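According to this note's numbering, the sequence shown holds residues -10 to 214 in order. Just so you know, even glycine gets a beta-carbon here, dropped at the ideal spot from N, CA and C. Source: prediction; values computed, not measured. Structure record follows, encoded as C-alpha cells.
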Amino acid sequence: MILELRNICKDYIQEKMVIPVLKNVSFSMEEGEYVAVMGPSGSGKTTLMNIVGCLDQATSGTFWLDGQDMSTCSENELSDIRLKKIGFVFQNFQLLPRQTALENVELPLTYAGVSRKERRERAAQALARVGLEDRMQFRPSQLSGGQKQRVAIARAMVNHPKILLADEPTGALDSTSGQQVMDLFQSLNEEGVSILMITHDREIAGYAGRMVSIRDGILRLEEQP
Ligand code: ADP
Ligand code: MG
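Put into C-alpha cells, the structure is as follows:
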C-alpha cells in the first residue's frame, strides 16, 4: 500500500470556531495505482492533498505513506520524506520565475545534496523526457502554460518519487496542453509511479484507473470511471 488514511479529520480554527474540513476520511491506494479525486470547490481537496503530501498534519486519524506512520514523524523527517518519495504538481505550476527551466528542475536535487554535474545531467534528462530539451535555458515567462506544467512535471519526477500528487494539473491549461499532461501521467503510471490527481473535470478524471469523490469533507469511493 502506498497510501493508507484511516479516519482522518482536519479542523481549522477560525476566530475561535472549529471548522471541520475533512470528516473521517478513510482511503487507501495500492502501489502503482492512478486515482482521481473529484469534488466541487471548497470540498476539502487541497486540504486532503496537503495532508497526503506531508505539507500539513491531520487533526486526528492515522496516515501511512509507503508503510510508514506519518503521525510519528518530526518536521525534519517529513521534509525528507517529501523530498524522496513525493512529487508535486500544482495548477499554477509554482516555478521560480527568475530561474531557467533547467534550474527549476535541478532544485529538488540541490536539496537532496546531489553534485552540480549530476544535477545538470539528471535535470536535462528529466526535461528531455517531457519533450523540452530545446527549452532548458528558458525562464517561465518565456514558456507557454503547457510547457510550464511540463517543467513542473520534470521537477516533480527528477528525484524518482514513488507517488505523484497533482492538484488540478490541467486547471490552467487549454485542452491540447491538458492532453499532453495526461499523456505524460499515463506513461509515468505505466512505469510504476502511483498518481493521486485532483480535478473537477470528469473527462480528466477518466484518465485515472479509479475515482473517488469528496463533498463537504466526506470522501466516497466510486466505481470505475
Ligand atoms: P478545495 O481544494 O476542494 O477547493 P480546500 O481544501 O482548499 O478546498 O478548502 C476546504 C475548506 O477549508 C474551505 O471551506 C476553506 O475555506 C477551508 N480552509 C482551507 N484552508 C484553510 C485555512 N488555512 N484556514 C481556515 N480554513 C481553511
Ligand atoms: Mg483546491
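Which of helix, strand or coil DSSP assigns to residue i
i	result
Thr51	strand
Pro214	Only weak support is given to the placement of Pro214: the predicted model assigns it a pLDDT of 47, under 50, and the question is left unresolved by the model.
Gly167	helix
Asn39	helix
Phe127	coil
Gln114	helix
Gln138	helix
Ile207	strand
Asp58	strand
Tyr100	helix
Glu66	helix
Spatial distance of residue i from residue j (CA atoms)
i	j	result
Ile142	Phe16	25 Å
Gln126	Leu116	11 Å
Met223	Lys73	As displayed, the chain neither begins before -10 nor continues past 214, which places residue 223 out of reach and without an answer.
Ser104	Val140	21 Å
Asn81	Ala161	7 Å
Thr89	Glu192	32 Å
Met27	Asp163	19 Å
Arg1	Glu107	Arg is not the amino acid found at residue 1; the sequence shown has Tyr there. So the two alpha carbons sit approximately 42 Å from each other.
Met171	Lys5	42 Å
Cys43	Thr36	11 Å
Gln215	Pro158	Because the chain in this structure spans residues -10 to 214, residue 215 falls outside the shown range and cannot be described.
Pro214	Thr188	Unreliable placement is indicated for Pro214, whose pLDDT of 47 sits below 50; the coordinate value is still reported in the next sentence. If you take the alpha carbons of Pro214 and Thr188, they lie about 13 Å apart.
Gly21	Ala194	17 Å
Gly84	Ser60	According to the sequence shown, residue 84 is Leu rather than Gly. Roughly 29 Å separates the two Cα atoms.
Asp69	Thr51	19 Å
Cys(-2)	Gly167	32 Å
Residues near residue i in its chain [Cβ-Cβ closer than 6 Å; skip 5 each side]
i	result
Ile40	Ala47
Leu67	Cys43
Residue i - partner residues in DSSP beta bridges
i	result
Lys(-1)	Leu11
Val24	Leu185 and Arg199
Ala155	Val78 and Met186
Phe16	Leu(-6)
Met146	Met146 is not bridged to any residue.
Own chain residues within Cβ distance below 7 Å of residue i, not counting five before or after
i	result
Glu211	Met200, Val201 and Ser202
Arg94	Residue 94 is actually Val in this sequence, not Arg. Answer for Val94: Ala112, Ala115, Leu116, Val140, Ala143, Arg144 and Val147, listed in chain order.
Asp55	Ile(-9), Lys74 and Lys151
Phe77	Gly42, Ala145 and Leu154
Val14	Leu(-6), Ile(-3), Leu37 and Leu208
Lys12	Cys(-2), Gly206 and Ile207
Gln136	Leu121 and Arg124
Arg118	Ala143
Buried or exposed (CB count within 10 angstroms, at least 16 for buried), residue i
i	result
Pro29	exposed
Ala101	exposed
Tyr23	buried
Gln57	exposed
Glu122	exposed
Ser183	buried
Val7	exposed
Glu64	exposed
Sequence-distant residues of the same chain with beta carbon closer than 8 Å to residue i, five excluded per side
i	result
Arg87	Arg128
Arg204	Gly28, Pro29 and Ser32
Ala197	Tyr23, Val24, Ala25, Ile184, Met186 and Pro214
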